[in-house]
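One structure below.
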Amino acid sequence: MSQSLSVKTDDVLTASMVARMYATMDWDVPENGLETGAPSPLNSYLMLCLDLIKNDQLRPDGLAYEDEALPFIDLPRRVWGGGSLKFINPLRIGDKVSRTNKIIDQKNKSGSMGEMTFVDLMNDYYVDGVHCLSEELTLIYLPERLELADVPEKSAASRPPCDYAQSVSFSPHQLFRFSAITFNAHRIHFDPQHAQQVEAYPDQVVHGPIQTSIVLNCWQQNNPGKSLKHIKLRCNGSAMVNQTLHVQGVRDDGGDHLAVYNNHGEELYTAQVLEAY
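In C-alpha coordinates form, the structure reads like this:
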(Lines of atoms letter the chains of each structure in order from A and count residues from 1; the text may use other names and numbers.)
(Lines give C-alpha, C1' and ligand atoms only; values in the text may rest on other atoms or scores of the structure.)
Protein backbone atom coordinates (compact mmCIF):
# COMPACT_ATOMS: atom_id res chain seq x y z
CA MET A 1 0.00 0.00 0.00
CA SER A 2 1.47 3.35 -1.01
CA GLN A 3 0.60 6.70 0.47
CA SER A 4 0.83 10.12 -1.16
CA LEU A 5 0.26 12.27 1.93
CA SER A 6 3.26 14.51 2.54
CA VAL A 7 3.61 16.38 5.84
CA LYS A 8 5.92 19.41 6.14
CA THR A 9 7.50 20.62 9.39
CA ASP A 10 10.05 23.36 10.08
CA ASP A 11 12.86 23.79 12.60
CA VAL A 12 16.14 25.59 13.27
CA LEU A 13 19.39 23.71 13.89
CA THR A 14 20.86 25.54 16.87
CA ALA A 15 24.26 25.38 18.51
CA SER A 16 22.66 24.21 21.76
CA MET A 17 20.99 21.29 19.99
CA VAL A 18 24.30 20.20 18.49
CA ALA A 19 26.09 20.65 21.83
CA ARG A 20 23.54 18.35 23.47
CA MET A 21 24.19 15.67 20.86
CA TYR A 22 27.96 15.88 21.33
CA ALA A 23 27.51 15.62 25.12
CA THR A 24 25.03 12.74 24.91
CA MET A 25 27.24 10.70 22.58
CA ASP A 26 30.47 11.61 24.45
CA TRP A 27 31.96 12.96 21.23
CA ASP A 28 34.61 15.68 21.22
CA VAL A 29 33.42 19.02 19.88
CA PRO A 30 35.55 20.05 16.86
CA GLU A 31 37.36 23.38 16.97
CA ASN A 32 34.79 26.09 16.17
CA GLY A 33 32.26 23.25 15.93
CA LEU A 34 29.49 25.22 17.64
CA GLU A 35 29.81 28.42 15.62
CA THR A 36 27.09 29.53 13.22
CA GLY A 37 27.75 27.96 9.84
CA ALA A 38 29.76 25.04 11.22
CA PRO A 39 28.79 21.63 9.81
CA SER A 40 26.82 19.55 12.29
CA PRO A 41 27.30 15.85 13.12
CA LEU A 42 25.89 13.49 10.51
CA ASN A 43 23.19 12.36 12.94
CA SER A 44 21.89 15.88 13.67
CA TYR A 45 18.77 15.25 11.59
CA LEU A 46 17.53 13.04 14.45
CA MET A 47 16.84 16.19 16.50
CA LEU A 48 15.10 18.16 13.75
CA CYS A 49 11.46 18.61 12.76
CA LEU A 50 10.22 16.26 15.46
CA ASP A 51 6.63 15.07 15.78
CA LEU A 52 5.27 17.02 18.76
CA ILE A 53 2.63 14.56 19.94
CA LYS A 54 0.54 15.50 22.98
CA ASN A 55 0.70 13.18 25.98
CA ASP A 56 -2.90 11.98 25.67
CA GLN A 57 -2.09 10.74 22.15
CA LEU A 58 0.61 8.33 23.35
CA ARG A 59 0.13 4.60 23.70
CA PRO A 60 1.03 2.79 26.96
CA ASP A 61 4.51 2.09 25.53
CA GLY A 62 5.09 5.80 24.90
CA LEU A 63 4.73 5.75 21.11
CA ALA A 64 2.07 7.72 19.26
CA TYR A 65 -1.17 5.98 18.34
CA GLU A 66 -0.90 7.85 15.06
CA ASP A 67 0.23 11.22 13.75
CA GLU A 68 -0.13 13.26 10.58
CA ALA A 69 2.06 10.89 8.57
CA LEU A 70 1.76 7.56 10.42
CA PRO A 71 -1.54 5.65 10.35
CA PHE A 72 -3.09 3.85 13.31
CA ILE A 73 -1.79 0.27 13.41
CA ASP A 74 -3.43 -2.09 15.88
CA LEU A 75 -0.27 -3.87 17.03
CA PRO A 76 1.26 -3.11 20.46
CA ARG A 77 5.01 -3.16 19.78
CA ARG A 78 7.28 -1.35 17.35
CA VAL A 79 10.93 -1.67 16.38
CA TRP A 80 13.23 0.27 14.05
CA GLY A 81 14.21 -2.00 11.16
CA GLY A 82 16.72 0.00 9.13
CA GLY A 83 16.76 2.08 5.98
CA SER A 84 19.20 4.32 4.14
CA LEU A 85 20.64 7.82 4.28
CA LYS A 86 21.68 10.11 1.43
CA PHE A 87 23.79 13.10 2.48
CA ILE A 88 23.38 15.61 -0.34
CA ASN A 89 24.46 18.88 1.33
CA PRO A 90 25.66 19.38 4.93
CA LEU A 91 23.31 20.64 7.62
CA ARG A 92 24.95 23.60 9.36
CA ILE A 93 24.41 25.34 12.66
CA GLY A 94 21.90 28.14 12.20
CA ASP A 95 20.16 26.50 9.24
CA LYS A 96 16.39 26.86 8.96
CA VAL A 97 15.38 23.33 8.08
CA SER A 98 12.18 21.99 6.53
CA ARG A 99 11.26 18.32 6.46
CA THR A 100 8.73 16.55 4.31
CA ASN A 101 7.57 13.21 5.65
CA LYS A 102 5.47 10.59 3.90
CA ILE A 103 4.69 6.88 3.82
CA ILE A 104 6.01 5.20 0.70
CA ASP A 105 4.80 1.67 1.44
CA GLN A 106 2.91 -0.39 4.01
CA LYS A 107 2.76 -4.20 4.04
CA ASN A 108 1.32 -6.87 6.32
CA LYS A 109 3.37 -10.04 6.77
CA SER A 110 3.22 -13.23 8.82
CA GLY A 111 6.30 -14.69 10.47
CA SER A 112 7.54 -16.66 13.45
CA MET A 113 6.46 -13.79 15.70
CA GLY A 114 2.94 -13.65 14.24
CA GLU A 115 1.27 -10.91 12.22
CA MET A 116 3.51 -7.92 11.49
CA THR A 117 3.15 -4.62 9.66
CA PHE A 118 6.08 -2.98 7.86
CA VAL A 119 5.83 0.76 7.23
CA ASP A 120 8.39 2.42 4.94
CA LEU A 121 8.80 6.17 5.43
CA MET A 122 10.69 8.85 3.51
CA ASN A 123 11.99 11.97 5.26
CA ASP A 124 13.54 14.71 3.12
CA TYR A 125 15.31 17.70 4.67
CA TYR A 126 15.73 21.07 2.94
CA VAL A 127 17.45 24.37 3.76
CA ASP A 128 16.14 27.36 1.80
CA GLY A 129 14.71 24.96 -0.74
CA VAL A 130 18.01 23.11 -1.21
CA HIS A 131 17.79 19.36 -0.68
CA CYS A 132 20.27 18.36 2.06
CA LEU A 133 19.35 14.90 3.33
CA SER A 134 17.09 12.02 2.39
CA GLU A 135 16.23 9.31 4.92
CA GLU A 136 14.36 6.11 4.18
CA LEU A 137 13.40 4.06 7.21
CA THR A 138 11.34 0.99 8.00
CA LEU A 139 9.25 0.69 11.15
CA ILE A 140 8.08 -2.81 12.09
CA TYR A 141 4.93 -3.25 14.19
CA LEU A 142 4.78 -6.51 16.14
CA PRO A 143 2.22 -8.46 18.20
CA GLU A 144 2.27 -8.70 21.97
CA ARG A 145 4.65 -11.24 23.47
CA LEU A 146 2.53 -14.11 24.79
CA GLU A 147 5.02 -15.08 27.48
CA LEU A 148 8.22 -13.79 28.99
CA ALA A 149 10.66 -16.48 27.93
CA ASP A 150 13.99 -16.99 29.67
CA VAL A 151 16.83 -16.25 27.29
CA PRO A 152 19.77 -18.62 27.85
CA GLU A 153 23.21 -17.12 28.25
CA LYS A 154 25.06 -17.43 24.97
CA SER A 155 28.69 -18.39 24.69
CA ALA A 156 30.93 -15.81 23.10
CA ALA A 157 31.75 -16.14 19.40
CA SER A 158 34.71 -14.56 17.68
CA ARG A 159 34.07 -11.40 15.76
CA PRO A 160 35.35 -11.37 12.17
CA PRO A 161 38.57 -9.51 11.28
CA CYS A 162 38.26 -5.85 10.35
CA ASP A 163 40.28 -2.87 9.17
CA TYR A 164 39.13 -0.46 11.88
CA ALA A 165 37.02 -0.58 15.02
CA GLN A 166 35.61 1.31 17.99
CA SER A 167 34.08 0.04 21.24
CA VAL A 168 31.37 1.96 23.09
CA SER A 169 28.68 1.39 25.70
CA PHE A 170 25.63 3.37 26.74
CA SER A 171 24.52 3.96 30.31
CA PRO A 172 20.91 4.51 31.43
CA HIS A 173 21.71 8.23 31.67
CA GLN A 174 22.79 8.36 28.02
CA LEU A 175 19.70 6.48 26.82
CA PHE A 176 17.50 8.92 28.74
CA ARG A 177 19.38 11.90 27.31
CA PHE A 178 19.11 10.54 23.77
CA SER A 179 15.38 9.99 24.24
CA ALA A 180 15.09 13.57 25.47
CA ILE A 181 16.98 15.29 22.64
CA THR A 182 15.08 13.26 20.02
CA PHE A 183 11.70 13.66 21.79
CA ASN A 184 11.31 9.88 21.94
CA ALA A 185 8.97 8.60 24.67
CA HIS A 186 9.33 4.89 23.84
CA ARG A 187 9.60 3.29 27.28
CA ILE A 188 11.86 0.40 26.27
CA HIS A 189 14.75 2.88 26.23
CA PHE A 190 14.42 4.38 29.72
CA ASP A 191 11.96 2.25 31.75
CA PRO A 192 13.59 -1.08 32.70
CA GLN A 193 10.39 -2.42 34.26
CA HIS A 194 8.46 -1.89 31.02
CA ALA A 195 11.31 -3.23 28.88
CA GLN A 196 11.65 -6.42 30.93
CA GLN A 197 8.16 -7.19 32.21
CA VAL A 198 6.04 -6.01 29.28
CA GLU A 199 8.24 -6.41 26.21
CA ALA A 200 10.49 -9.22 27.50
CA TYR A 201 13.82 -7.58 26.78
CA PRO A 202 16.76 -8.42 29.06
CA ASP A 203 17.09 -4.73 29.97
CA GLN A 204 16.69 -1.23 28.56
CA VAL A 205 17.14 -1.16 24.79
CA VAL A 206 19.66 1.02 22.97
CA HIS A 207 17.87 3.08 20.30
CA GLY A 208 18.26 1.93 16.70
CA PRO A 209 19.28 5.50 15.76
CA ILE A 210 22.06 5.32 18.37
CA GLN A 211 23.47 2.35 16.47
CA THR A 212 23.16 4.42 13.30
CA SER A 213 25.03 7.23 15.05
CA ILE A 214 27.96 5.10 16.18
CA VAL A 215 28.29 3.54 12.73
CA LEU A 216 28.34 6.98 11.07
CA ASN A 217 30.87 8.25 13.60
CA CYS A 218 33.12 5.20 13.26
CA TRP A 219 33.20 5.52 9.48
CA GLN A 220 33.86 9.27 9.66
CA GLN A 221 36.67 8.94 12.22
CA ASN A 222 38.41 6.33 10.08
CA ASN A 223 37.95 8.08 6.74
CA PRO A 224 39.28 11.60 7.33
CA GLY A 225 38.98 13.91 4.36
CA LYS A 226 36.17 11.89 2.80
CA SER A 227 32.47 12.77 2.67
CA LEU A 228 29.79 10.14 3.16
CA LYS A 229 27.05 10.46 0.55
CA HIS A 230 24.94 7.28 0.69
CA ILE A 231 24.75 4.45 3.23
CA LYS A 232 22.38 1.50 3.62
CA LEU A 233 21.44 0.40 7.15
CA ARG A 234 19.86 -2.67 8.73
CA CYS A 235 19.07 -3.51 12.36
CA ASN A 236 19.37 -7.25 13.03
CA GLY A 237 19.06 -7.35 16.82
CA SER A 238 18.69 -5.31 19.98
CA ALA A 239 21.60 -3.76 21.84
CA MET A 240 21.24 -3.44 25.62
CA VAL A 241 22.10 -0.77 28.15
CA ASN A 242 25.63 -0.97 29.62
CA GLN A 243 26.57 -3.58 27.01
CA THR A 244 29.87 -3.09 25.20
CA LEU A 245 29.21 -2.59 21.50
CA HIS A 246 31.96 -3.19 18.98
CA VAL A 247 31.70 -1.20 15.74
CA GLN A 248 33.84 -2.76 13.02
CA GLY A 249 34.60 -1.61 9.50
CA VAL A 250 35.96 -3.51 6.52
CA ARG A 251 37.35 -1.52 3.61
CA ASP A 252 36.13 -2.40 0.15
CA ASP A 253 36.63 -0.71 -3.21
CA GLY A 254 32.86 -0.80 -3.68
CA GLY A 255 32.22 0.84 -0.29
CA ASP A 256 33.07 0.00 3.31
CA HIS A 257 31.02 -2.58 5.19
CA LEU A 258 30.35 -1.88 8.87
CA ALA A 259 28.71 -3.89 11.63
CA VAL A 260 27.93 -3.64 15.34
CA TYR A 261 28.57 -6.67 17.56
CA ASN A 262 27.99 -7.37 21.23
CA ASN A 263 30.41 -9.27 23.47
CA HIS A 264 28.82 -12.57 22.43
CA GLY A 265 29.82 -11.90 18.83
CA GLU A 266 26.20 -11.42 17.73
CA GLU A 267 25.82 -9.11 14.74
CA LEU A 268 23.25 -6.53 15.83
CA TYR A 269 23.49 -3.99 13.01
CA THR A 270 24.98 -3.79 9.53
CA ALA A 271 25.72 -0.95 7.14
CA GLN A 272 27.15 -0.63 3.66
CA VAL A 273 28.60 2.57 2.27
CA LEU A 274 27.22 2.94 -1.24
CA GLU A 275 28.85 6.27 -2.11
CA ALA A 276 31.60 8.38 -0.56
CA TYR A 277 34.35 10.61 -1.91
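Numbering (the numbering used here), first residue to last: 1270 to 1546. Virtual Cβ for every residue (Gly too), placed ideally from N, Cα, C. The structure presented is a predicted model; accordingly, all values stated were derived computationally and were not measured.
Residue pairing for serine 1436: DSSP places it in a beta bridge opposite His1515.
Taking 8 Å as the cut-off, the Cβ atoms of tyrosine 1546 and serine 1496 count as close.
Judged by DSSP in its simplified three-state form, glutamine 1541 adopts strand. In the structure shown, alanine 1449 adopts helical secondary structure according to DSSP, grouped into three states. Between the stretch 1424 to 1443 and the stretch 1507 to 1525, the count of C-beta pairs closer than 8 Å reaches three or more; the two stretches touch. For glycine 1352, the uninterrupted beta strand (DSSP E) segment begins and ends at 1346 to 1356. CA-CA distance, alanine 1307 to arginine 1361, rounds to 5 Å. Inclusion of glycine 1351 and threonine 1407 in the CB contact set at 8 Å is warranted, their separation being smaller than that value.
Proline 1310 counts as buried, since no fewer than 16 other beta carbons sit within 10 angstroms of its beta carbon.
Scanning its chain for C-beta atoms nearer than 7 Å, with the 5 sequence neighbours on each side dropped, one finds around aspartate 1525 the residues Trp1488, Gly1518, Val1519 and Val1542, in chain order.
In this structure, valine 1366 places its C-beta atom within 8 Å of the C-beta atom of valine 1281. The closest CA to that of glutamine 1326, considering only Leu1339, Tyr1314 and Met1316, is found on Leu1339. Secondary structure of glycine 1477 (DSSP, three-state): helix.
By the Cβ test, the stretch 1377 to 1390 is in contact with the stretch 1342 to 1351, since at least three Cβ pairs between them sit closer than 8 Å. In this structure, isoleucine 1409 keeps its C-beta atom at 8 Å or more from the C-beta atom of phenylalanine 1447. Nearest to lysine 1371 by C-alpha distance, out of Leu1411, Met1382 and Asp1320, is Asp1320. Of the candidates Leu1315, Ile1500 and Val1510, the residue whose Cα lies closest to the Cα of glycine 1523 is Ile1500.
Asparagine 1312 carries a coil assignment under DSSP once its states are collapsed to helix, strand and coil. In the DSSP secondary-structure assignment, valine 1388 is bridged to Gln1375 and Leu1408. Judged by beta-carbon spacing, glutamate 1536 lies within the 8 Å limit of asparagine 1505, meaning their Cβ atoms are closer than that value. The three-state secondary structure of leucine 1444, taken from DSSP, is helix.
Valine 1510 and lysine 1323 have their C-alpha atoms roughly 27 Å apart.
Within a 10 Å sphere around the beta-carbon of glutamine 1473 sit 16 or more other beta-carbons, which makes this residue buried.
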